[in-house]
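Sequence positions in the sequence shown follow the working numbering and run 3 to 191.
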Amino acid sequence: MPTWTEYIFSKKLGKAPTPGEVVEVAPDLVGFHDLTGYHVLEVLESMGKVEVFDRDRVVVAFDHLSPPPTQRAAEIMVYIRKHVKSLGLPHFYDVGGGILHQIILEKYAMPEQVVFAADSHTNTAGAVGAFAQGLGATDIAATLKLGKTWLVVPMPFRIDVEGRFLRGVMGKDVALHLLGQFGAEGFSG
């Protein structure tokens with residue numbers, strides 16, 4: 003039986019992927035925010051004509067530097083706004099418009115979608131059944147330009163928790179305990 007990630011990838015690829023296999027995946031949604039956007043757009047500019055694969059699949063939010071705490075932050079926002087306008091990106095959330103990963107989760111992400119964003123909290127969209135992965139600014143820029151990126155199909159793992167929790171013990175406590183046992187790298191496939 004495939005994992006949920008393998009199921010989503012198989013729908014995108016038209017075939018069942020193998021754990022450890024390198025695959026090219028087309029995203030349903032790509033996002034970046036004010037803290038990463040400058041670098042995303044700078045890399046996009048270095049790739050030639052500034053364009054995106056599908057403007058309706060891009061979400062941009064000002065959520066880290068808003069309101070801008072410095073002159074440089076304000077200049078970065080002006081730079082990003084200029085590109086958002088020139089690219090005709092309709093899903094732009096300016097200062098006070100919300101937090102990128104929460105906007106993606108609440109307004110855009112759907113079950114069985116592939117979501118990439120230049121934000122370490124992107125994986126919260128997994129709560130609605132999407133495959134959601136944070137990527138660096140360079141990878142987001144390339145994905146915006148090409149409409150695809152490569153990933154390694156994760157190795158599956160299974161943990162069974164048996165018995166009853168003591169009063170006051172929650173799922174987060176179990177997750178933190180497992181991280182303590184295996185370390186952050188222990189779950190990286």
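Glycine is no exception: its CB is placed at the ideal position from the N, C-alpha and C atoms. Fair warning: this is a prediction, and the values are worked out from it, not measured in the lab.
- By the beta-carbon neighbour count (other beta carbons within 10 angstroms, threshold 16), Ile161 is exposed.
- Of the other Cβ atoms in all chains shown, fewer than 16 fall within 10 Å of the Cβ of Ala186; this residue is therefore exposed.
- Two segments are said to touch when three or more pairs of C-beta atoms, one from each, lie closer than 8 Å; by this definition the segment 114-123 touches the segment 29-44.
- Within the segment 58-142, the complete beta strand (DSSP E) segments of 3 residues or longer fall at 60-63, 93-95, 116-119 and 133-136, listed in chain order.
- Thr145 and Gln135 have their C-alpha atoms some 12 Å from each other.
- Scanning the segment 9-45 from its first residue to its last, no whole alpha helix (DSSP H) run of 4-plus residues comes out.
- For Val62, the closest C-alpha among the options Ala139, Tyr9 and Phe184 is that of Ala139.
- Linking Ala143 to Arg169 through their CA atoms gives a straight-line distance of about 47 Å.
- Here Thr151 carries a strand assignment [DSSP, helix/strand/coil].
- Take the alpha-carbon of Val86 and the one of Glu164: they are about 50 Å apart.
- Under a 10 Å Cβ-count criterion, Met79 is classified as buried, with 16 or more other Cβ atoms of the shown protein chains found around its own Cβ.
- When the Cα atoms are used, Asn125 and Gln73 turn out to be separated by approximately 31 Å.
- Taking 8 Å as the cut-off, the beta carbon of Gly33 is found closer than this to the beta carbon of Val60.
- Taking C-beta atoms as the reference points, Ile82 and Leu43 count as a pair closer than 8 Å.
- Taking a contact as a CB-CB distance under 8 Å, the pair Arg57 and Leu102 does not count as one, their CB atoms being some 17 Å apart.
- With respect to the 8 Å criterion, Tyr95 and Phe64 are classified as neighbours on the basis of their beta carbons.
- In the three-state DSSP reduction, Glu47 falls in the helix class (H, G or I).
- Counting along the chain, Val176 sits inside the alpha helix (DSSP H) bounded by residues Gly173 to Phe184.
- The beta-carbon distance between Leu153 and Val45, rounded to whole angstroms, is 19 Å. This is too long to meet the 8 Å contact definition.
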